[in-house]
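K.L.:
One structure, as structure tokens, below. Some questions next.
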Amino acid sequence: MNNKPLDNTQLIEEAHRAMAKAYVPYSHFPVGAALLTKSGKIYTGCNIENASYPVSNCAERTALFKAVSEGERDFATLAVIAPSKRPVPPCGMCRQAVSEFCSPGMLVILANTDGAVTRTTVAELLPGAFQPEDMDQ
Ligand code: THU
Numbered sequence: 000m001n002n003k004p005l006d007n008t009q010l011i012e013e014a015h016r017a018m019a020k021a022y023v024p025y026s027h028f029p030v031g032a033a034l035l036t037k038s039g040k041i042y043t044g045c046n047i048e049n050a051s052y053p054v055s056n057c058a059e060r061t062a063l064f065k066a067v068s069e070g071e072r073d074f075a076t077l078a079v080i081a082p083s084k085r086p087v088p089p090c091g092m093c094r095q096a097v098s099e100f101c102s103p104g105m106l107v108i109l110a111n112t113d114g115a116v117t118r119t120t121v122a123e124l125l126p127g128a129f130q131p132e133d134m135d136q
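Residue 0 is where the sequence shown starts when you use numbering that gives the first Met the number 0, and the numbers rise one by one after that.
Here it is, written out as structure tokens:
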């Protein structure tokens, strides 16, 4: 366990390293994500495409599912990076997936490979997200 504070630049760098592992023969658009746990661990992810296009997985969900499948539940920050013109906006499906496990106020750092960075939150990315409690009848 590593409880050292980690600055945003380091998390973006981790996401950038993950981006290099993207499997993107169809879109040629690599994305990397790095998810920091409250205990200081980082889970990274890249997008992984498929010849059957809808089977593809985004970088954010790769990182999130890796973490959750290792028993992690408490997250502090998510960083995402891509060679996009603006800091890469997560897709709607990833916004919903992140809102399941991350608090509304959790910091999300969006970056591009030109060095542009935007800081936002889970709730700003998906206001009014469908939550587990919404299934209470
Ligand atoms: N993609 C991500 O991995 N994350 C995002 O935030 C936006 C989109 C991927 C999905 C697909 O592999 C490629 O980018 C082009 O849509």
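The C-beta atom is built at its ideal place from N, Cα and C for all residues, glycine as well. This one's a predicted model, so the numbers in the text were calculated from it and none came from an experiment.
1) Let me know if N49 comes out buried or exposed under the rule of 16 or more other beta-carbons within 10 Å of its beta-carbon.
2) At the level of alpha carbons, what is the spacing between D135 and G114?
3) Over what stretch of residues does the beta strand (DSSP E) that includes L125 continue unbroken?
4) Would you list, in sequence order, the uninterrupted alpha helix (DSSP H) runs of no fewer than 4 residues that lie entirely inside the segment 59-105?
5) So which residues touch the region around the ligand THU, with touch meaning a C-beta under 7 Å from any heavy atom?
6) Buried or exposed, going by whether 16 or more other CB atoms sit within 10 Å of the CB of A14?
7) Determine the direct distance from the alpha carbon of S51 to that of G70, and round the result to whole angstroms.
P.N.:
With the given structure in hand:
1) exposed
2) 43 Å
3) Premise fails: L125 is in no beta strand (DSSP E) and is neither H nor E.
4) 91-100
5) V23, S26, F28, V30, N46, E48, S55, C57, A58, E59, V79, A81, V87, P88, P89, C90 and C93
6) buried
7) 30 Å
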